[in-house]
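Residue numbers (the numbering used here): 1212 to 1433.
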C-alpha cells in the first residue's frame, strides 16, 4: 500500500438517540461531504473533492465526476448513510480503490432479545454471503462477506461505454440498545487489494466505541 499509507488516524463520529458512535479511519481516505447545509455548499465541496481526487484532470472531467457523486445522494439518504469515504492506492503496481460507509438503520421489531441472531438469520436467508457472528470491543455483531454486481458509467471507462463491475464487500452490523443498527461496510472492485483493504477495514470495525449521553462507554450485549 503506497499512496494511502497510514500516517495518522482521523476520528469519525455520529450521534444517535442516546448513543454516540465513534470510530477511527486511516488517513488517506477522501470523505464524501454529507453535512452540507445547502445545495450550493454541497456542490462546492464536491468540486473541491474532485480536484483533490483528480488533480491532473480537466475541470470538465472533475465536474462530471462531482455530478456523478451528487446523483447518488438520494440513495445515501435512503440507506441512512452517515459517513462515506474512499481510498485510492497501488497494490503490486495496480491502481486499487475501496469505499467505506457507516450508516444507521432501524432494528426490526421482530429481532427480540437476541438481535444478533436475528440479523444473522436474515442475512443468510437473503443469501448475502458468508455470515458470522463476531464479538467486538463495543459488543456483539454480525459480519457478512460477499459480492455484488454493478456497472461503471461510460464517463469513467476507457471505452466510453458502461462496463460491468463486481464488488467484493464486508458488511458488519452492530445492533444497538436504542432500537437501531450500526452498519459498516467496505467494498472494493479491485480483487488484488482485497487482503490490504479487508485488514484495514478490520481495524476500523475494531475501533468502534459507543458512549451514552453522559459520555460513559457502552458495550452492547447482542
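Glycine included, each C-beta is placed from N, C-alpha and C at the ideal position.
According to the DSSP secondary-structure assignment, residue 1351 is paired through a beta bridge with 1346.
Under the three-state reduction of DSSP, residue 1411 is assigned to helix. Looking at 1235, 1287, 1409, 1231, the one whose alpha-carbon comes closest to that of residue 1415 is 1235. In this structure, the beta-carbon distance from residue 1229 to residue 1351 does not fall below 7 Å.
When secondary structure is reduced to three states using DSSP, residue 1286 falls in the helix class. Listed as beta-bridge partners of residue 1397 by DSSP are 1311, 1381.
According to the DSSP secondary-structure assignment, residue 1358 is paired through a beta bridge with 1379.
Nearest Cα to residue 1297 within the set 1280, 1339, 1268: 1280.
According to DSSP, residue pairing for residue 1421 in a beta bridge involves 1232, 1429. Counting other Cβ atoms within 10 Å of its Cβ, residue 1375 stays below 16 and is therefore classed as exposed. Closest option to residue 1318, judged by alpha-carbon separation, among 1394, 1410, 1413, 1362: 1394. Residue 1306 and residue 1337 have their C-alpha atoms some 32 Å from each other. In the structure shown, residue 1386 adopts extended strand secondary structure according to DSSP, grouped into three states. When secondary structure is reduced to three states using DSSP, residue 1299 falls in the strand class. For the pair of segments examined, the region 1264 to 1279 was found not to touch the region 1372 to 1389: the number of CB pairs separated by less than 8 Å stays below three. Look at residue 1251 here: in three-state DSSP terms it is helix. Between residue 1316 and residue 1295, the C-beta spacing is not below 7 Å. Look at residue 1242 here: in three-state DSSP terms it is strand. In the three-state DSSP reduction, residue 1237 falls in the strand class (E or B).
Assignment of residue 1267 by DSSP, reduced to helix, strand and coil, places it in the coil class. Under the DSSP assignment, residue 1333 falls in the alpha helix (DSSP H) whose first and last residues are 1326 to 1337. A distance below 7 Å separates the beta carbons of residue 1237 and residue 1411.
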